[in-house]
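Heads up: the structure comes next, in structure tokens.
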Amino acid sequence: MPTEAARTGPAPGALLLCRAAPASVAPVAHLLREPMQLTRAGEAWSVLVPEGGPWRDGAEPVDRVVTGWATALAVGAPWPVLALWWDTDHAGFTLASGFRRPVGFVWLASGVPAGEDEAMRTFAARMGLDPVLDVQALDQLTKPDSAADARTRLRGLLAVLARVGVSLPAELAPGEGAARLREAAARRPDSLPVEWPGWREAVAERDTVDHSRLGPWMPWTGGPRARALALAQVAAGLPLLVRGLRRRGGGWAAAGALLLAHGVLGLTYDLTHPRD
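Residues in the sequence shown are numbered from 1023 upward in steps of one, following the working numbering.
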């Protein structure tokens, strides 16, 4: 008789691939307030493995949640964020980079494409993939293939991304449940947990961060423009948050919330660490 897993399909899960080293990703990721495990996924890549509370509790579908997280992480950051996600009926990916509209593709659980070919080409361009060879390989993922289910499609995507340095650990294969993936990530020797420490601890933590790895977008990196940057983030984050909440757009709401959080942290840091 079929098992429960076979009847219901794979448990929902997700991975967030960031084109940056863990030291650059961790200070931003903990502001999402989602328990995650962070580890390397290639020389210039990191992967965040979320606990998955929002979709496990049934509040929101996994694709909407991770699109919001990816958008929030990528807003203003000098690196893109690629979210891989799957549930019992679908699987897909979303690429977020800066303030540009996220782009992605979806497959049914059986592997039947349910996205637009043009989205895949836009994805290739933003990732800096070869416009001929890599695009041809990606095009194959948009064609019907009775032998390829959704998990196989995601693995095919990762095989193409290996050409830009993505090397996802074997134990973090797409298709597994969030809890199992997080446990596997935690066992890796270079893994570290990412959790929201609270506002006071988050501000204090700024003293121990290697600021040079975070880029000028981060308001606590110091310098004469720190306060102006923090105020700009608050000013930009508020309308984005309102827009996302009004239109039920999880991505922009999360982006607005993250900008507000960074701005408030920057202003708090400026007040608690006055310069002579």
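Quick reminder that beta carbons are idealized off the backbone N, C-alpha and C, glycines included. Being a predicted model, the structure only gives us computed values, none of them experimental.
Would you report the Cα separation of Gly1259 and Pro1100, rounded to the nearest angstrom?
18 Å
Out of curiosity, what's the CA-to-CA distance linking Glu1138 and Val1047?
Distance between the alpha carbons of Glu1138 and Val1047: 30 Å.
Using DSSP bridges, identify the partner residues of Gln1059.
Val1071 and Pro1215
Between Asp1212 and Ala1063, what straight-line distance do the alpha-carbon atoms span, to the nearest angstrom?
11 Å
For Asp1085, does the count of other Cβ atoms within 10 angstroms reach 16, so buried, or fall short, so exposed?
buried
With which residues is Leu1155 paired in a DSSP beta bridge?
Per DSSP, Leu1155 has no beta bridge partner at all.
Enumerated in chain order, which unbroken segments of the beta strand (DSSP E) with a length of 3 residues or greater are wholly contained in the stretch 1098 to 1169?
1103 to 1108, 1112 to 1118 and 1125 to 1130
With a threshold of 8 Å, are at least 3 pairs of Cβ atoms found where one atom belongs to the stretch 1036 to 1050 and the other to the stretch 1088 to 1098?
Counting Cβ pairs under 8 Å, three or more are found: they touch.
Mind checking Asp1079: buried by the 16 CB within 10 Å criterion, or exposed?
exposed
Kindly list the residues whose CB is nearer than 7 Å to the CB of Asp1156, restricted to its own chain and excluding five residues on each side of it in sequence; keep chain order.
Ala1146, Val1182 and Arg1185
Is Glu1198 buried or exposed, if buried means 16 or more other CB atoms sit within 10 Å of its CB?
buried
Between Phe1121, Thr1061, Ala1033 and Gly1075, which has its C-alpha nearest Leu1281's C-alpha?
Closest by alpha carbon: Phe1121.
Who are the near neighbours of Trp1077 in its chain, counting only those whose CB is closer than 7 Å to its CB and skipping five residues on each side?
Pro1034, Pro1083, Val1084 and Val1087
Span of the beta strand (DSSP E) holding Gly1035?
For Gly1035, the uninterrupted beta strand (DSSP E) run begins and ends at Gly1035 to Cys1040, by DSSP.
For Arg1210 versus Pro1196, is the C-beta spacing smaller than 9 Å?
Not closer than 9 Å, so no.
What does the alpha-carbon distance come out to for the pair Leu1053 and Leu1106?
Their backbone Cα atoms lie some 20 Å apart in a straight line.
Which same chain residues, not among the five before or five after Gly1193, have their C-beta less than 6 Å away from its C-beta?
Reading off the sequence, residue 1193 comes out as Glu, not Gly. Close CB contacts of Glu1193 within its chain, under the 6 Å cut and outside five residues either way in sequence, are with Ala1206 (chain order).
Does DSSP put Arg1210 in a helix, a strand or coil?
Arg1210 falls in the coil class under three-state DSSP.
How would you call Thr1110, buried or exposed, if buried means at least 16 neighbouring beta carbons within 10 angstroms?
exposed
Buried or exposed for Pro1166, please, with buried defined as at least 16 other CB atoms from any protein chain shown within 10 angstroms of its CB.
Exposed is the call here.
For Met1142, I'd like the list of residues in its chain whose CB is within less than 6 Å of its CB, leaving aside the five on either flank, ordered along the chain.
Phe1127, Leu1160 and Thr1164
Could you tell me if Ala1136 is buried or exposed, where buried requires 16 or more neighbouring beta carbons within 10 angstroms of its beta carbon?
exposed
Among the candidates Asp1171, Gln1162 and Val1069, whose CA atom is the shortest distance from the CA of Ala1131?
Asp1171
I'd like to know whether the C-beta atoms of Gly1133 and Arg1202 end up nearer to each other than 9 Å.
no
With Gly1187 and Trp1108 assumed to form a contact (beta carbons below 8 Å), what rounded beta-carbon distance in angstroms separates them?
About 23 Å; that fails the 8 Å criterion.
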